[in-house]
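Read in order, the letters of the sequence shown correspond to residues 1 to 252 in our numbering.
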Amino acid sequence: MKVALQLYSVRNDCSKDFFGTLKAVSELGYEGVEFAGFYGKSAVEVREQLDKLGLQAAGSHTGFNSLVLWAEDRTISFNEALGNKNIIIPGLPQELSATKEDWYHFADFLNQLAVKLRAKGMRIGYHNHWAEFSPLDGERPWDILGKQTKDVILQLDIGHATRSLGSAQDAVAYLDKYPGRSLSVHVKDFSKSKGYNVVPGEGDIDWEKFLSACKRNGTEWLIIEQEEYPYGSPLETARKALQNVKEKLATV
1 MKVALQLYSV RNDCSKDFFG TLKAVSELGY EGVEFAGFYG KSAVEVREQL DKLGLQAAGS
61 HTGFNSLVLW AEDRTISFNE ALGNKNIIIP GLPQELSATK EDWYHFADFL NQLAVKLRAK
121 GMRIGYHNHW AEFSPLDGER PWDILGKQTK DVILQLDIGH ATRSLGSAQD AVAYLDKYPG
181 RSLSVHVKDF SKSKGYNVVP GEGDIDWEKF LSACKRNGTE WLIIEQEEYP YGSPLETARK
241 ALQNVKEKLA TV
């Protein structure tokens, strides 16, 4: 399994110097990055930087509106030129996710897009926050997506899932419930006392169990995301997070 950084973790640095931040991330030892915007750069420019730095595109968080109507083909073409194979929708607006029926419609949308992307050697996926594990008429949205979609990445954010379910063990179990579907996951710790102000290994999640579940279920990318910075700067926190994850990986 390879380790990437979700660039939302260093968004302020990216807004000041996108390519300089990519260089800093590569120097920390990350193998790839997951994008959260491109800061006005073209796909060709970004790909040149990745190649120069030896970084891989682990994915791109892409808003739902960028994948509907006129924007769909443009978004796919951009990611194709970038060399990114994993397009991940990071969440849905409230007006499209309020009912169980909304999630069934969204599953159909994902299936249609998956067929289109598969022809290009690409994949579509969805990333959870908290609402996906709160039942709607007796059914969790994450389970709707797990059962009603095919060839769609279920990008489990273990930190958000742990917060929503109230149990890290229950969150980890979702990797086994839908085997082979979490080709990328978000590596984020959570503590009932400190919230997200921890790095992996300092919160409530049993990382050996989580990483072992990822390994047996075919996860390709472990994507670290930090929403808070207990080690001062975003880059220093990203460094410590990577150090801890590599130490945990050595045990599984």
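A virtual CB, placed ideally from N, CA and C, is assigned to each residue, including glycine. From a predicted model like this one, the values you see are computed outputs, not experimental measurements.
| field | Classification of VAL115 by the beta-carbon crowding that lies within 10 angstroms, buried from 16 upward | value | exposed
| In three-state DSSP terms, what is ASN197? | coil
| field | Element boundaries [beta strand (DSSP E), containing GLY32] | value | GLY32 -> beta strand (DSSP E) spans 32-35.
| field | Environment of ASP204 [buried if 16+ CB atoms lie within 10 Å] | value | buried
| If we ignore side chains and look at the alpha-carbon of each, how far apart do GLU247 and LEU69 end up? | 45 angstroms
| query | How far does the beta strand (DSSP E) with TRP207 in it reach, from first residue to last? | reply | Premise fails: TRP207 lies in the alpha helix (DSSP H), 207-216, not in any beta strand (DSSP E).
| said: Tell me the DSSP secondary structure of GLN269 in three-state form. | reply: What is shown of the chain runs 1 to 252, which leaves residue 269 out entirely.
| query | Tell me which same chain residues have a C-beta within less than 7 angstroms of the C-beta of LYS41, skipping the five on either side of it? | reply | Answer for LYS41: PHE18, listed in chain order.
| task | Using only alpha-carbon positions, find the residue among ASP176, GLU95, SER9, LEU136 that is nearest to LEU154. | result | ASP176
| query | Just reading off the alpha helix (DSSP H) that ASN341 is part of, what are its end residues? | reply | It is not possible to answer for residue 341, since the shown part of the chain is limited to 1 through 252.
| query | In chain order, which beta strand (DSSP E) runs of at least 3 residues are fully inside the region 127-155? | reply | 152-155
| query | The alpha helix (DSSP H) spanning SER164 covers which residue range? | reply | Element bounds for SER164: 158-165.
| request: Express the C-alpha separation of LEU96 and MET1 in angstroms, rounding to a whole number. | output: MET1 and LEU96 have their C-alpha atoms roughly 34 angstroms apart.
| query | How many Å lie between GLN49 and TYR39 at the Cα? | reply | 14 angstroms
| field | Three-way DSSP call (helix, strand, coil) for VAL68 in this model | value | coil
| task | Report the option in PRO90, GLU101, PHE109, LEU117 whose CA atom is closest to the CA atom of ASN79. | result | The shortest CA-to-CA distance from ASN79 to any of PRO90, GLU101, PHE109, LEU117 is the one to LEU117.
| task | Just confirm the distance between the C-beta atoms of GLY285 and SER26, as a whole number of angstroms; I'd bet it's less than 8 angstroms. | result | Given a span of 1 to 252 for the chain in the structure shown, any question on residue 285 remains unanswerable.
| task | Compare the beta carbon distance of HIS127 and GLY159 with 8 angstroms and say whether it is the shorter of the two. | result | Contact: no.
| request: Would you kindly work out how many angstroms separate the C-alpha atoms of PHE109 and ARG123, rounded to a whole number? | output: Straight through space, the alpha carbons of ARG123 and PHE109 are spaced by roughly 13 angstroms.
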